[in-house]
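Asker: Keeping their order, the protein sequence lines are chains A and B. Here the numbering used here runs 101 ahead of the position in the first sequence, where the first position is 1. Here the numbering used here runs 101 ahead of the position in the second sequence, where the first position is 1. Ideal Cβ placement from N, Cα and C applies to all residues, glycine included. My questions will all concern the structure given below.
There are 2 protein chains.
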Amino acid sequence: MQSKRNFSAKREAIYAALASTTLHPSAEWVYEQLKPELPGLSLGTVYRNLSVFKEIGLARSVGIINGQERFDANMMQHPHFICQKCFRILDLPAGYYSPGKNLYKMLERECDISVEMHSMTFYGLCSRCR
Amino acid sequence: MQSKRNFSAKREAIYAALASTTLHPSAEWVYEQLKPELPGLSLGTVYRNLSVFKEIGLARSVGIINGQERFDANMMQHPHFICQKCFRILDLPAGYYSPGKNLYKMLERECDISVEMHSMTFYGLCSRCR
DNA sequence: AGTTGAATTAGTAATTGTTATTGATTTTGA
DNA sequence: TCAAAATCAATAACAATTACTAATTCAACT
Numbered sequence: 102m103q104s105k106r107n108f109s110a111k112r113e114a115i116y117a118a119l120a121s122t123t124l125h126p127s128a129e130w131v132y133e134q135l136k137p138e139l140p141g142l143s144l145g146t147v148y149r150n151l152s153v154f155k156e157i158g159l160a161r162s163v164g165i166i167n168g169q170e171r172f173d174a175n176m177m178q179h180p181h182f183i184c185q186k187c188f189r190i191l192d193l194p195a196g197y198y199s200p201g202k203n204l205y206k207m208l209e210r211e212c213d214i215s216v217e218m219h220s221m222t223f224y225g226l227c228s229r230c231r
Numbered sequence: 102m103q104s105k106r107n108f109s110a111k112r113e114a115i116y117a118a119l120a121s122t123t124l125h126p127s128a129e130w131v132y133e134q135l136k137p138e139l140p141g142l143s144l145g146t147v148y149r150n151l152s153v154f155k156e157i158g159l160a161r162s163v164g165i166i167n168g169q170e171r172f173d174a175n176m177m178q179h180p181h182f183i184c185q186k187c188f189r190i191l192d193l194p195a196g197y198y199s200p201g202k203n204l205y206k207m208l209e210r211e212c213d214i215s216v217e218m219h220s221m222t223f224y225g226l227c228s229r230c231r
């Protein structure tokens, strides 16, 4: 099992690259980032390991922006902001909006669904683009 | 003189198909739906016209779910619910959560961004799947 | 009705992000 | 030490979408 085993050097590097930035990168970005230090790395390995991180709860998808899936190693629930021009993804402080279990419960009761999580995303122009 | 061309019959049919359902369909779905009545329709035409609708503000993307982009002709701001098992997308009543211009303004002030819109999505299991 | 020119289309090819396969290499555990 | 399991790079395969091209449609104006 993954949890008992230590990460391989490459898996470790991929996680470190993802965790060290708030850019919410794509697989491609992680690959380009690591290529200089790990010349033998392949893009497929990056994709595979990002999937592993999602499975074991070390990362999540922020969605597919401009055709590419974007990842986040910050597992705290927080809203995102996506710049419609440059496709930067910014973290917003959770304080601005955080629906609690009460909202989940109300939705479950009123809409006959079970709610596991939510995602809140704002769109507009970032400071550089506007 | 400027062209006063109305929607072509096919463009009209594609829009009607999209607007007549709350399934938040994919391009493929619209295509399959219309094929019986419009045997000469091509999938590329569906894709192209869905893009047109997005551009002119007659439809929006609900995101890429399970690899396929899903569309919505309901331009009212409202939250969505995505079933993690069957990938149904349900509309939720806007009343359960609707951040106003005041939240937008606060974000603009505090985070140095300009906010144009937001999207709120809940995930879980629908009534059929849970 | 005929002409014109831009918009729209079908059909197909090309592109793109992602996943699966393969065969080699390394690691693990006994 | 040795065999099974895990991991890997490289490449092929895949599916959704977009781009291209030549043909057709349609409104505006004769």
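#1: Output, in chain order, the set of chain A residues within a Cβ distance shorter than 7 Å of G201/B.
#2: DSSP three-state call for R231/A: helix, strand or coil?
#3: Just to confirm, is the Cβ distance from Y224/A to Q178/A under 8 Å?
#4: With C-beta atoms as the reference, is L151/A less than 8 Å away from K111/A?
#5: Going along chain A in order, which residues have a C-beta closer than 7 Å to the C-beta of I165/B?
#6: Counting C-beta neighbours from all protein chains within 10 Å, is the total for Q134/B 16 or more, i.e. buried, or is it exposed?
#7: Hey, does M221/B have any beta-carbon neighbour from chain A nearer than 8 Å?
#8: Assess contact between the region 203–217 of chain A and the region 123–137 of chain B, defined as three or more Cβ pairs (one per stretch) separated by less than 8 Å. Is contact present?
#9: Cutting at 6 Å between CB atoms, please list the residues of its own chain near Y148/B, excluding the five before and the five after it.
#10: Determine, using beta carbons only, whether Y148/B comes closer than 8 Å to chain A.
#11: Can you tell me the Cα-Cα spacing of D192/A and Q169/A, whole angstroms?
Answerer: Result, derived from the coordinates:
#1: Within 7 Å Cβ-Cβ: nothing; G201/B doesn't reach chain A, min ~11 Å.
#2: It is coil, neither helix nor strand.
#3: In this structure, Y224/A keeps its C-beta atom at 8 Å or more from the C-beta atom of Q178/A.
#4: No, these two residues do not count as a Cβ contact at 8 Å.
#5: Ordered by position in chain A, the residues that pass the 7 Å Cβ test against I165/B are I165.
#6: By the neighbour-count criterion, in which 16 or more other beta carbons inside 10 Å mark a residue as buried, Q134/B falls on the buried side.
#7: Closer than 8 Å: yes.
#8: By the C-beta criterion, the region 203–217 of chain A is judged not to be in contact with the region 123–137 of chain B, since fewer than 3 inter-stretch pairs fall below 8 Å.
#9: If we look at Y148/B and ignore the five residues flanking it on each side, its Cβ neighbours are A128.
#10: No, because no Cβ of chain A sits closer than 8 Å to the Cβ of Y148/B.
#11: Their Cα atoms are separated by approximately 18 Å.
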